[in-house]
Structure formats: C-alpha cells, structure tokens
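Structure record follows, encoded as structure tokens.
Shown next, in the form of structure tokens:
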C-alpha cells in the first residue's frame, strides 16, 4: 500500500544549528503537507505544497517539494528552543482527503 | 473563532467498559477525521466523514470501534468493550475541501 517515510527519526541539535527532515512517498502525490506537534500537544498545520519543485519559506523554515512530487524536505535555519517538537509530512491517499502521515522527525534543541 | 473541541481530555477506564469520545468540528468545515496516535504505530486515520456521511472507515481496528456524526457540529467515537491495547491519544480533526486539517487537543485514553 501507499507509504510515506520520514528520516531521521530523531535529531538532537545545538541551538543555532540547522535542521533538515526528509519525506519520501511510495507514490506520486497531488500535494504534500507539513505539520508540527509540540510535546504533549496536537499536530498543527504548517504548510501545503502543490507544484512540482515548489519551494516555500516561512521565516526560518524552508519547505521543498520534489520535481517528481514524491519527496519533500523541511529545513530550519538557526534552530531555536521554540522549534522543539515532532515534524510530520503527510500526503493524500489516491488524491482523496485521507492523509497518510509519515512517522515524524522529533527535533530536540539544546539551549 | 473556536477550534476543534474534544471531550473528555483524559479518560481512564477499566477493561471491558464502554468509552465515548466526543468532537465538535470547526463551524463550516465539512470534513471530519478521527485519528489514533501511539508511539508504536504513529498517527493513524481511523475514519473520516464528509457532510456527516462516513467515507472511509478502513482504519477502524475492529468491530469494537464505531463512529457516528449525527449532525454537522458533533461526532462520537465509541469503543465497546475497551481493551488495554486501545490506550492512545485520539485526535479529531476537521477541514474544508482545501486538504489542510485542523486538529483538536486530543483525548488521552488509558484502559487498565
């Protein structure tokens, strides 16, 4: 079945270092979404990418959708302690409204 | 504008008891999703509704789980009888037809 995989599972960085998480789908996606879940919290929508090769920025966060629309990445420049949490990518199953979530990358930031 | 509301926030029950989780989606959202999150299995979609009609319930673990959406502003997820392996955080989310989903705060269920 359709799968969405994320690496790494964990990343522990020093505050100020950069961070990147990668997402790969077993099938071509119509769009990809990114969510952030703080410890003890709920997933919060960050962004949606739709176009092949699309790059979007939100302050220190840069999101990219691959040319083949099967992979994506989230890059955080100069991490801060407020970036702590788990970052999930998610893609729709067969272009439906059912989302397949990746396993998430847990980011820990040392102050 | 209120977000997705879930109740209770925490539920502790004994094995064999019935558990009912409740969700109020964001007004105007016509899609509603129920998820379960565990360390082992991550975030799993259980069922989703469109305009109060169940569209995909393939993620519902077994017959002990049932979900209803009697109107546009209310949905329930029921587990009967509950088992320890049902212990998890259950999230409700809602959306319009723009794909992005808004999650509620979740219900942490512990079955002893």
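Chains as they are written, first to last, in this note's numbering: chain B, 2 to 112; chain D, 5 to 116. Glycine is no exception: its CB is placed at the ideal position from the N, C-alpha and C atoms.
Assigned secondary structure, residue i (DSSP; H/G/I helix, E/B strand, else coil)
i: residue 62 of chain D; result: coil
i: residue 68 of chain D; result: coil
i: residue 96 of chain B; result: helix
i: residue 80 of chain D; result: strand
i: residue 13 of chain D; result: coil
i: residue 83 of chain B; result: helix
i: residue 1 of chain D; result: For chain D, the structure presents residues 5 to 116; residue 1 of chain D sits outside this window and is missing.
i: residue 111 of chain B; result: strand
i: residue 61 of chain B; result: coil
Residue i versus residue j: straight-line alpha-carbon distance, rounded
i: residue 46 of chain B; j: residue 99 of chain D; result: 11 Å
i: residue 5 of chain B; j: residue 105 of chain D; result: 17 Å
i: residue 25 of chain D; j: residue 33 of chain D; result: 19 Å
i: residue 72 of chain D; j: residue 74 of chain B; result: 36 Å
i: residue 43 of chain B; j: residue 85 of chain B; result: 13 Å
i: residue 67 of chain D; j: residue 45 of chain D; result: 19 Å
i: residue 66 of chain B; j: residue 14 of chain D; result: 37 Å
i: residue 79 of chain B; j: residue 61 of chain B; result: 7 Å
i: residue 94 of chain B; j: residue 79 of chain D; result: 23 Å
i: residue 87 of chain D; j: residue 59 of chain D; result: 26 Å
Residue i CB to nearest heavy atom of the ligand SAH below 6 Å
i: residue 12 of chain B; result: Of ligands this structure carries none, so the ligand SAH is not represented either.
Residue i: contacting residues in chain A (beta-carbon distance under 8 Å)
i: residue 60 of chain D; result: No chain A appears in the structure shown, which is made up of the protein chains B and D.
Buried versus exposed call for residue i [16 or more other C-beta atoms within 10 Å across all chains shown]
i: residue 42 of chain D; result: exposed
i: residue 1 of chain B; result: Given a span of 2 to 112 for chain B in the structure shown, any question on residue 1 of chain B remains unanswerable.
i: residue 34 of chain B; result: buried
i: residue 10 of chain D; result: buried
i: residue 97 of chain B; result: exposed
TODO: Below 9 Å between beta carbons is the criterion; list the residues of the stretch 83–111 of chain B that meet it against any residue of chain D, in chain order.
DONE: 89, 91, 93, 94, 97, 98, 99, 100, 101, 102, 103, 104, 105
Task: Every unbroken beta strand (DSSP E) within the stretch 4–55 of chain B, with a cutoff of 3 residues, ordered by chain - done: 5–8, 11–15, 20–26, 33–38, 45–50
TODO: Would you list, in chain order, the members of the stretch 42–63 of chain B that have their beta-carbon closer than 8 Å to a beta-carbon of chain D?
DONE: 42, 43, 44, 45, 46, 49
Open item on the list: Any C-beta of chain D within less than 7 Å: which residues of the stretch 27–43 of chain B qualify?
Closed with: 32, 34, 43
TODO: Output, in sequence order along the chain, the residues in the stretch 14–37 of chain D whose CB is closer than 7 Å to any CB in chain B.
DONE: 35
Task: Residues from the stretch 44–59 of chain D in contact with chain B, defined by Cβ distance under 9 Å - done: 46, 47, 48, 49, 52, 54, 59
TODO: Give the residues from the stretch 72–99 of chain D that approach chain B closer than 9 Å (Cβ to any Cβ), ordered along the chain.
DONE: 93, 95, 97, 99
Open item on the list: Beta carbons nearer than 9 Å to chain B: which residues of the stretch 99–110 of chain D have them?
Closed with: 99, 101, 102, 103, 104, 105, 106, 107, 108, 109, 110
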